[in-house]
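*Asks:* Submitted below is the structure of interest, expressed as structure tokens.
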Amino acid sequence: MSTLSVPPVPISPRDDAIQLYRAFKGLGCDTAAVVNILAHRDAAQRAILQQEYRTMYSDDLLKRLSSELSGNVKKAVLLWMYDPAGRDATILRQALSGDIIDLQAATEVVCSRTPSQIQQLKQVYHAKFGVYLEHDIEYQASGDHKKEIYHLELIFLYITTFEVVTTGIRAMVTYKELEERLIAVDGSIKHLATLIVALTVKVDTMMSSSEPKGDDHQGEASHANLRSNSNHGVHPKPVGVDLPRFYGEDPTGWILLAEQFKNYHHLDDEQMIEIAVIHLQKDAVLWNQWLLLACVTKPRYEGLEVDRMMVEKDAKALYKAGEKKLGTDEKTFINIFSERSRAHLSAVTSVYHSMYGNSLKKAIKSETSGNFEFALLTILRCAENPGKYFAKELHKAMKGLGTNDTTLIRIIVTRVEIDMQYIKAEYQKKHRKSLVDAVHSETSSHYRTFLLSLLGPKH
380 MSTLSVPPVP ISPRDDAIQL YRAFKGLGCD TAAVVNILAH RDAAQRAILQ QEYRTMYSDD
440 LLKRLSSELS GNVKKAVLLW MYDPAGRDAT ILRQALSGDI IDLQAATEVV CSRTPSQIQQ
500 LKQVYHAKFG VYLEHDIEYQ ASGDHKKEIY HLELIFLYIT TFEVVTTGIR AMVTYKELEE
560 RLIAVDGSIK HLATLIVALT VKVDTMMSSS EPKGDDHQGE ASHANLRSNS NHGVHPKPVG
620 VDLPRFYGED PTGWILLAEQ FKNYHHLDDE QMIEIAVIHL QKDAVLWNQW LLLACVTKPR
680 YEGLEVDRMM VEKDAKALYK AGEKKLGTDE KTFINIFSER SRAHLSAVTS VYHSMYGNSL
740 KKAIKSETSG NFEFALLTIL RCAENPGKYF AKELHKAMKG LGTNDTTLIR IIVTRVEIDM
800 QYIKAEYQKK HRKSLVDAVH SETSSHYRTF LLSLLGPKH
């Protein structure tokens with residue numbers, strides 16, 4: 380439900396154009412007049428006004444607003460002037476091609492929109508920017524990932540691997556022993572990174588207890604080769620190998636590679652954890668990219684009907700792909716979350732809790748991380764209650780020291796003509812404070828006036 384307030388008697392586009400032209404004339408800009416007009420016009424009225432202004436003054440209203448306004452009020456007004464699909468396209472383009480890639484903004488837009496909104500958005504995106512949204516997500520998101528870890532790739536270029544793990548060594552660390560240790564980890568990046576360091580102790584034990592005995596000349600040669608390579612810096616031909624990733628199989632080889640990685644670069648435990656964190660974050664970026672691509676390419680049903688058998692099947696599949704196994708089968712999460720309707724996912728959440736005694740949200744938090752976690756939670760929360768989701772994001776944008784004005788502007792401007800009344804109600808219910816009061820305390824001047832005009836009265 381919209382909170383936009385428009386004049387009861389429509390103002391002619393010609394009169395609006397004249398008033399805006401006068402506000403731009405002379406030294407400075409009458410920002411108050413601009414805000415008073417534009418904050419009380421709906422999408423159709425804004426579109427006609429832009430056409431009228433161009434006809435009357437041979438000038439682009441958006442360009443004029445950009446040159447006359449400044450700061451946050453400029454950002455808010457310019458974003459407001461687009462229709463919903465054009466606005467989303469603009470947000471995504473800026474998020475995917477700016478100097479700083481804003482994957483969270485891109486994720487929020489893609490994962491919170493309905494299938495029909497995404498289809499319209501894709502058409503506008505291509506018409507407006509001459510490229511397909513899917514291509515920008517794939518190219519720009521992966522480009523951001525590459526920029527973030529470029530310095531690490533230079534290091535990893537010369538990492539080597541040793542083919543010295545004998546059958547005796549593999550037998551010493553059973554899957555059962557490590558399974559118990561891995562299950563104890565809650566899935567967070569920090570814990571997973573710390574795990575890599577902690578398990579290297581097991582490797583030392585394995586190495587010391589696997590000394591060749593008797594006539595085991597082959598084992599002796601392999602062991603001597605390993606010791607020589609480790610202690611004297613003699614390595615086989617360099618190959619490009621990343622920090623090893625664990626997929627839930629027999630972890631013996633994974634532990635050995637992690638130990639080799641650590642020793643090769645003379646890393647202490649803290650350095651090892653930092654590098655492991657970066658690699659796990661890198662994985663989260665890539666899974667998030669694939670989820671966004673799936674969301675904008677796969678068709679989804681928008682109706683309210685659900686297949687109860689399919690709901691139960693999906694709940695079981697998600698449990699098997701996450702909490703039940705070591706590691707996470709991200710592809711299962713991507714397929715279900717990108718292909719199922721909101722009503723279906725909402726039903727899956729309920730069934731998952733009744734079947735396994737844990738919420739699906741908590742499972743996602745423990746099994747995933749970074750932008751991938753944010754994307755899955757965004758899809759799930761918008762399936763259950765979009766008003767509650769956006770109320771929470773607005774609170775986060777204003778919580779603590781400073782305000783995330785980019786997020787504040789994006790959510791208010793994009794939701795005013797859709798469901799802002801519900802968002803305000805959810806905000807009031809959760810925080811015992813009106814959204815209007817919260818925004819008033821975090822903003823000032825014409826910027827405050829504009830946002831409050833869009834939000835309408837407190838209740």
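Sequential numbering of the sequence shown, starting at 380, is according to our numbering.
Positions of the beta carbon are idealized from the N, C-alpha and C atoms, including for glycine.
From the DSSP output, in three-state form, read off E752 for me.
*Replies:* Reduced to three states, the DSSP call for E752 is helix.
*Asks:* Within the present structure, is the beta-carbon of I790 separated from the nearest heavy atom of the ligand ADP by less than 6 Å?
*Replies:* With respect to the ligand ADP, the structure shown offers nothing to examine, as it has no ligands at all.
*Asks:* So is K501 buried or exposed if we call it buried at 16+ other beta carbons inside 10 Å?
*Replies:* When all chains shown are included, K501 counts as buried.
*Asks:* Let me confirm a value: L557 is counted as buried when at least 16 other C-beta atoms fall within 10 Å, else exposed. Which label applies?
*Replies:* Low confidence applies to L557: its pLDDT is 42, below 50, so where it sits in the model is not reliable enough to give any reading.
*Asks:* Tell me which residue opens and which closes the alpha helix (DSSP H) that P747 is part of.
*Replies:* First, the amino acid is wrong: residue 747 is Thr here, not Pro. Looking at the DSSP string, T747 is not in any alpha helix (DSSP H), and its letter there is neither H nor E.
*Asks:* Kindly indicate which residue of R794, P463, I497 and G465 has the alpha-carbon position closest to the one of R679.
*Replies:* When only C-alpha atoms are compared, the closest one is I497.
*Asks:* Quick one: grab the DSSP three-state call for C761.
*Replies:* In this structure, C761 counts as helix in the three-state DSSP scheme.
*Asks:* Assuming D796 contacts D421 under a Cβ cut-off of 8 Å, what Cβ separation, rounded to an integer in Å, is found between them?
*Replies:* It should be pointed out that residue 796 corresponds to Glu in this sequence rather than to Asp. Going by Cβ atoms, the distance from E796 to D421 rounds to 7 Å, so yes, they are a contact pair.
*Asks:* Is the beta carbon of W669 less than 7 Å from the beta carbon of I713?
*Replies:* Yes, these two residues count as a Cβ contact at 7 Å.
*Asks:* For A418, name the three-state secondary structure that DSSP assigns.
*Replies:* Reduced to three states, the DSSP call for A418 is coil.
*Asks:* Mind checking which residues open and close the alpha helix (DSSP H) that includes I790?
*Replies:* Element bounds for I790: D784 to R794.
*Asks:* To the nearest angstrom, report how far apart A474 and G779 are at their CA atoms.
*Replies:* Distance between the alpha carbons of A474 and G779 is about 24 Å.
*Asks:* Can you look up C408 in the DSSP assignment and give me helix, strand or coil?
*Replies:* Three-state result, C408: coil.
*Asks:* Hey, how far is the Cα of L457 from the Cα of L739?
*Replies:* Their backbone Cα atoms lie some 38 Å apart in a straight line.
*Asks:* In whole angstroms, what separates the C-alpha of T469 from that of M734?
*Replies:* Cα-Cα distance, rounded: 42 Å.
*Asks:* Determine, using beta carbons only, whether E859 and K692 come nearer to each other than 7 Å.
*Replies:* Limits of the chain in this structure are 380 at one end and 838 at the other, which puts residue 859 out of reach.
*Asks:* For a test of the three-state rule: what should DSSP assign to I802, helix, strand or coil?
*Replies:* Residue state, collapsed to three classes: helix.
*Asks:* In three-state terms, what does DSSP make of M777?
*Replies:* It is helical.
*Asks:* Could you give the residue range of the alpha helix (DSSP H) that holds L383?
*Replies:* Element bounds for L383: n/a, residue is neither H nor E.
*Asks:* To the nearest angstrom, how far is the alpha carbon of V414 from that of R721?
*Replies:* Between V414 and R721, the C-alpha separation is close to 36 Å.
*Asks:* By Cβ distance, which residues of its chain are closer than 7 Å to A402, with the 5 residues on each side in sequence left out?
*Replies:* Closer than 7 Å at Cβ, skipping near neighbours: C408, D409, A412 and V413.
*Asks:* Ignore the nearest five residues each way along the sequence and tell me which others in E447's own chain have a CB closer than 6 Å to its CB.
*Replies:* These residues qualify, in order along the chain: F403 and C408.
*Asks:* How about F769 and R789: are their beta carbons less than 7 Å apart?
*Replies:* Result no, Cβ atoms of F769 and R789 do not sit closer than 7 Å.
*Asks:* Which term fits D629, buried or exposed, when burial requires 16 or more other beta carbons within 10 angstroms of its beta carbon?
*Replies:* Since pLDDT at D629 reaches only 48, below the 50 mark, its modelled position is unreliable, and the value read off the structure follows with that caveat. It is exposed - the Cβ of D629 has fewer than 16 other Cβ atoms within 10 Å.
*Asks:* Can you give me the Cβ contacts of W666 inside the same chain, cut-off strictly under 6 Å, excluding the 5 residues immediately before and after it?
*Replies:* Counting only Cβ-Cβ distances below 6 Å, and skipping sequence neighbours, we find E709 and F751.
*Asks:* With a CB to CB cut of under 8 Å and the five nearest residues on each side skipped, what residues in its chain are close to C761?
*Replies:* Around C761: C490, S491, R721 and Y768.
*Asks:* Keeping to the same chain, check which residues put their C-beta closer than 6 Å to that of M435; ignore five residues upstream and five downstream.
*Replies:* Hits under 6 Å: A396.
*Asks:* Short check: CB of T782 to CB of E821, under 7 Å?
*Replies:* Against a cut-off of 7 Å, the Cβ pair of E821 and T782 comes out as a contact.
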